[in-house]
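Residue -15 is where the sequence shown starts when you use my numbering, and the numbers rise one by one after that. Think of the CB as a built atom: it goes at the ideal place given N, C-alpha and C, for glycine as much as any other residue. Each remark here refers to the structure printed beneath this line.
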Amino acid sequence: MRASTEAGGTTIAAHFALFIFAWGTNYPLMKLALRDMSPLSFSAARLLGGAVVIAVIAWMSGERSLQPATGDRLRLALSGILQYGCLLAFAAFGLQLLPAGRTVVAVYSMPLWAALIGLAIGRDMLTLRQWAGIGMGAVGVSLVLNPNVLGHGGGAGALLVLAGAVSWALGAVVHRYRPMTTPLLTQAFYQLVASGAVLTVIAVAFEADATVRVTPSLTLVMVWNWLVPTSLAVWSWSRALRHMPASPAGQVLMMTPLVGIAAGAVMFDEA
């Protein structure tokens, strides 16, 4: 029994290490890729490619159908557009104006906005300790995104990334409005397809003349995005949630900005 418990703990730790590393390092990598590809096109390609990989993972896991339950489809599409499409698009534009490390911090202000949105619509009530946590988090984010430190264009970049964080939070509220019967991998696949399709249409409309430089770095970052942050890490997150509740798992996820800050310092010599 003890050996089984230890093995389970090791498995959970491995899952946490995978998605924290994948999601934390990916914003500096995205900043590198955006030198060669426009933001909307990169985000759309990432989402649709990730959907293909998710479909393969789901099939290998024994899920033969990727059709969500009928009652879940609209909410999955809307939450996917908000959580994947809007977040990635806003973050990609923001990355062109902000250091990668600060972008990760702004993105992971998501729980603050989710708590406030849940309160605004009357779904959640906040305790005094939660209000204190939100206040401290807001102070921390405002210090990291201080326009006087960010320099020219930094304020606009911060607003773009924060808009992405708010859209993710709104999508999270939509997603958990009521329980879904659709399996987690199928949910992720449907969300990626819906958000990728919307971004593809917008990219064709606004970036049709944009130049894509097919460089080794762009190719590697895109393949990495397809295989790890947009698919394998999502699978790993779903597996972790089978072993522990979402709330403590979400708290561990807050280590991701630390990895992003370190990666930005290594890759771009960010302070």
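- A check of alpha carbon separations from Arg107 across Tyr68, His159, Gly117, Arg113 identifies His159 as the nearest.
- Around the CB of Met120, fewer than 16 other CB atoms lie within 10 Å, so the residue is classed as exposed.
- The straight-line gap separating the alpha-carbon atoms of Ala246 and Leu96 is approximately 23 angstroms.
- Taking the CA atoms as reference points, Gln235 sits about 22 angstroms from Leu129.
- Shortest Cα-Cα distance from Ala73 to any of Arg226, Gly180, Ile(-4), Thr199 involves Gly180.
- Per DSSP, reduced to three states, the secondary structure at Thr166 is coil, with no helix or strand assignment.
- Put simply, of Pro12, Leu2, Phe26, Ile(-4) the residue whose alpha carbon is nearest the alpha carbon of Glu191 is Phe26.
- Counting only the Cα atoms, Leu127 lies some 43 angstroms from Leu50.
- Separation of Ser45 and Trp208 (C-alpha to C-alpha, rounded to the nearest whole angstrom) is 21 angstroms.
- If you ignore the 5 residues before and after Thr184, its C-beta comes within less than 6 angstroms of the C-beta of Ala28, all in its own chain and listed in chain order.
- Per DSSP, reduced to three states, the secondary structure at Ile105 is coil, with no helix or strand assignment.
- Straight-line spacing of the CA atoms in Gly102 and Leu154 works out to 9 angstroms.
- With respect to Trp219, Ile41 sits close: the two C-beta atoms are nearer than 8 angstroms.
- In the structure shown, Asp56 falls within a helical segment according to DSSP collapsed to helix, strand and coil.
- For Tyr11 and Val198, the gap between their C-alpha atoms comes out near 19 angstroms.
- The beta carbons of Leu237 and Ile4 sit closer together than 8 angstroms.
- By the CB criterion at 8 angstroms, Val212 and Ala6 fall inside the cutoff.
- By the beta-carbon neighbour count (other beta carbons within 10 angstroms, threshold 16), Ala142 is buried.
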